[in-house]
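To keep things clear, I will list the structure first and then write my remarks on it.
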Amino acid sequence: MKKIKVLIVDDHTLVRQGIRSLLALAADIEIVGEAADGREAIEKVRQLAPDIVLMDLAMPNMGGLEATRRIRREFPATKVLAVTQYDDSEYVIPIIKAGARGFVTKMASPLELASAIQAVYRGDSFLSPSAATALVEECQIMVGTEGEKESYQLLTDREREVLKLVAEGHTAREIADMLVVSPKTVEWYKASLMNKLNIHNKTDLIKFAIRKQVINL
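Residue numbers are given in my numbering: position 129 of the sequence shown equals residue 136, and the series is strictly consecutive.
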């Protein structure tokens, strides 16, 4: 049976030894080497041609992101699986964009880690449950932001003026004086823009204005 050749990359010796021990019972996995930073990882990939690189993110000299980009560009046959203590979107998204085929945390069980390696080796992707959740939440935020962008484009110039002034805390009378219109007209603009933005109270209107950088805190 052909074994999956794995390179462990982490700047902590104890972590590398721990991962090696976790995978010792996996009959189809062989640890062919270790590296303490990104630069050493690239050299070891060149020397050992591993199938899978288990890549930490935060390391000296060269971190996991840059090392992953280099490995995917220079050694396309070698696949990268991120193994880190962090599992939020701030870390998941960049490493996946850099070319990693999977993401597991250092809290993973031996079975989960072995399954991740096997999946990535087969050409599939693998995300630990917490990383998958972070990825889904990030996508939902991105979709929501795009929706807000489209809604904002629907506003007229005058509605945008009213949005800014309302979010800044001005009353309808004050806004009317500034724009030289009646308070009733201001209320009409306010109702119209809130309808277009699907916003139903002043608090959410202010939050929207802050997100869109219509006003600054």
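We put the CB at the ideal spot given by N, CA and C, even for glycine. Predicted, not measured: the structure shown is a model, and the values here were computed from it.
So the beta strand (DSSP E) Gly109 belongs to, where does it begin and stop? Gly109 to Thr112
Kindly indicate which residue of Ala121, Val169, Leu204 and Glu175 has the alpha-carbon position closest to the one of Leu7. Absent from the model: residue 7. The displayed extent of the chain is 8 to 224, so no value can be given.
Between Phe82 and the rest of its own chain, which residues show a CB-CB distance below 7 Å, the 5 nearest in sequence each way excluded? Val52
What three-state label does DSSP hand Leu55 in the structure shown? helix
Going by DSSP in three states, Thr91 sits in which element: helix, strand or coil? strand
Say whether the segment 164 to 184 touches the segment 196 to 211, bearing in mind that this needs 3 or more beta-carbon pairs closer than 8 Å, one atom from each stretch. yes
Once the 5 residues before and after Ser199 are set aside, which same chain residues still bring their CB inside 8 Å of it? Glu166
Could you give the first and the last residue of the continuous beta strand (DSSP E) run that contains Glu41? Ile36 to Ala42
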